[in-house]
Amino acid sequence: MATEGGGKEMNEIKTQFTTREGLYKLLPHSEYSRPNRVPFNSQGSNPVRVSFVNLNDQSGNGDRLCFNVGRELYFYIYKGVRKAADLSKPIDKRIYKGTQPTCHDFNHLTATAESVSLLVGFSAGQVQLIDPIKKETSKLFNEEKMEEWLLKIHT
Numbered sequence: 002m003a004t005e006g007g008g009k010e011m012n013e014i015k016t017q018f019t020t021r022e023g024l025y026k027l028l029p030h031s032e033y034s035r036p037n038r039v040p041f042n043s044q045g046s047n048p049v050r051v052s053f054v055n056l057n058d059q060s061g062n063g064d065r066l067c068f069n070v071g072r073e074l075y076f077y078i079y080k081g082v083r084k085a086a087d088l089s090k091p092i093d094k095r096i097y098k099g100t101q102p103t104c105h106d107f108n109h110l111t112a113t114a115e116s117v118s119l120l121v122g123f124s125a126g127q128v129q130l131i132d133p134i135k136k137e138t139s140k141l142f143n144e145e146k147m148e149e150w151l152l153k154i155h156t
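To convert a position in the sequence shown, counted from 1, into the working numbering, add 1.
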């Protein structure tokens, strides 16, 4: 790359370059290790939501992070903005087949290092209560209402 003096910049570090095979691009660790990379869609058909909770555990890593990508829901230890979470090792991962998560939130009042309640809302109207630490599904709410509604539409 030419500089104002006409010389070449020898210490330039490239973050991307193109070859006949395609575009090569330097990615941050969090983007590179993202599970099941979903192509960017400007239409917003795959909304991503993020929820945080602090569990006040003794290890100093009390923050937890939950996010959804399409039909998948992930739960990780969050170490702050300076340290990327290891996205290849989620604490809990759930894949939903019939519907997709559209919103979620933690119960901050009852959260402990051993258990945390996460309420998840779905595109078909169901609401599910789960514990991603114990990897338990407690209850699915509004399931029968959805079945009644679908029967009314189809008749």
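From the three backbone atoms N, C-alpha and C, an ideal C-beta is built for every residue, glycine too.
Whose C-alpha, out of the options, is nearest the C-alpha of residue i?
i      : options                           : result
Lys98  : Phe123, Cys104 and His105         : Phe123
Lys135 : Val117, Asn143, Gln129 and Glu144 : Val117
Glu115 : Thr20, Ser60 and Leu24            : Ser60
His109 : Val54, Val82, Thr16 and Ala86     : Val54
Gln127 : Asp58, Pro102 and Glu73           : Pro102
Tyr75  : Phe18, Ala112, Thr19 and Ser52    : Ser52
Gln129 : Asp58, Asn62, Asp106 and Lys90    : Asp106
Asp93  : Glu137, Gly23 and Thr20           : Glu137
When DSSP builds the beta bridges, which residues end up paired with residue i?
i      : result
Lys94  : Tyr75
Glu137 : Asp132
Asp106 : Leu120
Arg83  : Paired residues: none, contrary to the question.
Quick check: what's the CA-CA separation for residue i versus residue j?
i      : j      : result
Leu56  : Arg65  : 7 Å
Tyr25  : Asn143 : 47 Å
Lys84  : Glu13  : 26 Å
Leu119 : Asp87  : 21 Å
Val29  : Thr16  : In the sequence on display, residue 29 carries Pro and not Val. Whole-angstrom Cα-Cα distance: 11 Å.
Tyr77  : Leu141 : 23 Å
Asn69  : Thr113 : 22 Å
Cys104 : Gly63  : 22 Å
Using only the heavy atoms of the ligand MN, determine whether one of them is closer than 7 Å to the beta carbon of residue i.
i      : result
Ser139 : The ligand MN is not among the ligands present in this structure, which contains no ligands whatsoever.
Buried or exposed: where does residue i fall if 16 or more other Cβ atoms within 10 Å of its Cβ makes it buried?
i      : result
Val49  : exposed
Val121 : buried
Ile131 : buried
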